[in-house]
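To keep things clear, I will list the structure first and then write my remarks on it.
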Amino acid sequence: MAPRDISSRAAKRLVDKGHGVGPLKNGVNLDFSAAIERLGLDVVQERYGNLFQMYERIAGEDPYSTPMRIYPATHYTMGGLWVDYELATTIPGLYAAGEANFSDHGANRLGASALMQGLADGYFVLPYTISNELAPMLNKPIPTTDHPAFVQAETEARDRFNGYLNVGGTRSPDWFHRELGKIIWDYCGMERTQQGLEKALSELPALYSEFKKDLRVTGNGESVNQTLEKAGRVDDFFQLGMLMCRDALDREESCGAHFRSEYQTAEGEALRDDKNYCHVSAYDWTGDPMASELNKEKLEFETAHLATRSYK
């Protein structure tokens, strides 16, 4: 089979051109008949048996005899909070481990990288860094809720959520979430272009402005309110989405899961620019997602060295 990223982009292009299959015309056929004929049924079952069983349970069709209907889907957002070598963030006392921080996951083998990062952080780093953080606090009284820092945090959170409740608009957080997701998927998804990213950066601030003027949150803030919680998350998603698009526009290369269609080889492989972009982009929050400050952390290679992926 072709690499997953190349296959995913090819599938999306077909659907975008109106060649989708299935009831909603939003998938493509993955036909294993030639592979079964070439390799034999036993080999295909050994390699893909679990996947085929899962598909048959979901779709009610036998993928060994009927082409599978597939389409790429969003997994989760790569990157995360900046941390140092002890997994400490820039906020004193706050640590970010596993998928929550930025350090390892981000290339095409996303799942394996995130799993490895969670295991490494949990087994080998956190037991020591958290102990070092907590040791000076032993035998000291626990801060009470009238501590100035707690009062400030509680006030800021209450003001934020009251702000959502008081907008009194007409559209739900889910509506804004869908509209935001469509923009990100179309213009900052698996294949990006300068034109598309510029369009996203013009549409997102306008949609975010509508969110702040026309949001409707039912219920109140005095008990569990999932709609209110969703409003807060969508607010965060807007700000993250704008930063993602801005960073994707600035990075004029293709690398890992960041694929700019202007920067690819004749075979459809990513075309990196190691001279100008061999760094991690770490942004400082300024209060405005469109004006976050970029810090470039140079990538250094000692044991492993930069190379170009090739299946030839």
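Count along the sequence shown from 1, then add 475; that gives the number in the working numbering. Using N, Cα and C, we set each Cβ at its ideal position, and we do this for glycine too. Quantities reported herein were computed from a predicted structural model and do not represent experimental measurements.
Three-way DSSP call (helix, strand, coil) for residue i in this model
i      : result
His780 : coil
Leu774 : coil
Asn637 : helix
Arg532 : helix
His622 : coil
His733 : strand
Arg513 : helix
Ala741 : coil
Arg522 : helix
Arg726 : coil
Arg653 : helix
Arg667 : strand
Cys720 : helix
Ala632 : helix
Asp537 : coil
Arg708 : helix
Ser677 : helix
Lys615 : coil
Arg747 : coil
Pro478 : coil
Thr549 : coil
Asp763 : coil
Ser809 : Residue 809 lies beyond the residue range present for the chain, which begins at 476 and ends at 787; the question has no answer from this structure.
Per DSSP, cross-strand counterpart(s) of residue i
i      : result
Ser698 : According to DSSP, Ser698 bridges with nothing at all.
Asn504 : Arg544
Tyr758 : Leu769
Leu690 : Arg646
Ala563 : Tyr570
Asn576 : Leu556
Val496 : Gly502
Residue i burial status per 10 Å Cβ neighbour count (16 or more: buried)
i      : result
Ser540 : exposed
His494 : exposed
Ile658 : buried
Phe776 : exposed
Ala779 : exposed
Arg522 : exposed
Ala681 : exposed
Gly664 : buried
Gln592 : buried
Arg667 : buried
Phe625 : exposed
Tyr639 : buried
Ser578 : buried
Ser684 : exposed
Ala632 : exposed
Ala486 : buried
Asn576 : buried
Pro602 : exposed
Ser483 : buried
Val699 : exposed
Gly671 : buried
Asp710 : buried
Ala745 : buried
Asp749 : exposed
Pro616 : exposed
Leu613 : exposed
Pro498 : exposed
Chain C contact for residue i (CB, 8 angstroms cutoff)
i      : result
Glu631 : Any reference to chain C falls outside this structure, which holds one protein chain only.
Expected contact under 8 angstroms - CB spacing of residue i and residue j to nearest Å
i      : j      : result
Leu690 : Pro648 : 7 angstroms
Glu673 : Leu724 : 7 angstroms
Gly707 : Phe636 : 7 angstroms
Ala595 : Glu574 : Rounded, the Cβ-Cβ distance is 12 angstroms, inconsistent with contact.
Glu727 : Arg747 : Actually they are not in contact, since the Cβ atoms of Glu727 and Arg747 sit about 11 angstroms apart, beyond 8 angstroms.
Val519 : Leu562 : About 42 angstroms; that fails the 8 angstroms criterion.
Ala572 : Gly597 : 6 angstroms
Met543 : Tyr530 : 6 angstroms
Pro478 : Tyr786 : 7 angstroms
Phe686 : Phe713 : 6 angstroms
His754 : Glu772 : 6 angstroms
Gly696 : Thr702 : Gly696 to Thr702, Cβ: 11 angstroms. No contact.
Practice task
Report yes or no: do the stretch 495-514 and the stretch 549-566 share at least 3 C-beta pairs separated by less than 8 angstroms?
Solution key: no
Practice task
Count the C-beta pairs between the stretch 758-774 and the stretch 734-741 that are closer than 8 angstroms, then say yes if the count reaches three, no if not.
Solution key: Segments in contact, no.
Practice task
Count the CB pairs spanning the stretch 673-683 and the stretch 708-722 that are closer than 8 angstroms, and state whether there are at least three.
Solution key: Touching, yes.
Practice task
Kindly confirm or deny that the stretch 638-647 and the stretch 681-695 touch, where touching means at least three C-beta pairs closer than 8 angstroms.
Solution key: yes
Handout entry: Cβ contact check for the stretch 594-614 and the stretch 557-569: 3 or more pairs under 8 angstroms
Key = yes
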